[in-house]
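Numbering-wise (my numbering), the sequence shown opens with residue 324 and increments by one. Ideal Cβ positions, reconstructed from N, Cα and C, are used throughout, including at glycine.
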Amino acid sequence: MLNRIYHLGYAVEDIEAASRFYEENFGVTPGEPEVVEEQGIVATMFKVGESTIELVQPTRSDSPVGKFLANRGEGFHHVAFEVDDLREALSELKRNGVELIDEEPRRGAGGVRMAFVHPKGAFGVLTELVELPDG
Ligand code: CO
Numbered sequence: 324m325l326n327r328i329y330h331l332g333y334a335v336e337d338i339e340a341a342s343r344f345y346e347e348n349f350g351v352t353p354g355e356p357e358v359v360e361e362q363g364i365v366a367t368m369f370k371v372g373e374s375t376i377e378l379v380q381p382t383r384s385d386s387p388v389g390k391f392l393a394n395r396g397e398g399f400h401h402v403a404f405e406v407d408d409l410r411e412a413l414s415e416l417k418r419n420g421v422e423l424i425d426e427e428p429r430r431g432a433g434g435v436r437m438a439f440v441h442p443k444g445a446f447g448v449l450t451e452l453v454e455l456p457d458g
């Protein structure tokens, strides 16, 4: 089902400060921050070789990432895996009784389709499945 790790998501209080930190100290080139209003986040990505890090800042304190920051503080938030067919992956997981946060695909940053698997059903790791545009 899983093609590759698409990104690792870090929850941060201040996306500009975090971007600057990685840019100045590690020489990465963060992209433009993108607001995903539906999820209450602003996100930016930077490439590390074949992999990507996603920095996520809540736009409101009652969003899931806002609550995560309040409870757990900054740090590792989720892993995203690329799949070929998100709808098919979600129905297979559902059939297997895996607890999902999103039973239907949602729009994610960068125009992808994405859905979250509940961390309770995934040994404590919030797991995102991503289907890229055009397959
Ligand atoms: Co993500």
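Val379 has Ala334 and Ala366 as its beta-bridge partners, per DSSP. Its chain contains Leu413, Lys417 and Ala438 as the residues whose beta carbon lies nearer than 8 Å to that of Glu426, once the 5 sequence neighbours on both sides are disregarded; these appear in chain order. Annotated as distal: Glu405 and Arg343, with beta-carbon spacing of 8 Å or more. Distance check between Ala366 and each of Ala340, Val421, Leu409 and Ala445 places Ala340 closest, using alpha-carbon atoms only.
Taking non-hydrogen atoms of ligand 1 into account, the C-beta of Glu377 is found less than 7 Å away from one of them. In this model, Pro387 and Gly350 are separated by some 30 Å (Cα to Cα). Shortest gap from the CB of Glu451 to any heavy atom of ligand 1: under 7 Å.
Taken from the Cβ of Gly398, every heavy atom of ligand 1 lies 7 Å or farther away.
One Cα belongs to Gln380, the other to Glu336, and the distance between them is close to 6 Å. Close CB contacts of Glu415 within its chain, under the 8 Å cut and outside five residues either way in sequence, are with Met324 (chain order).
For the pair Asn394 and Ala432, the Cα-to-Cα distance works out to about 24 Å.
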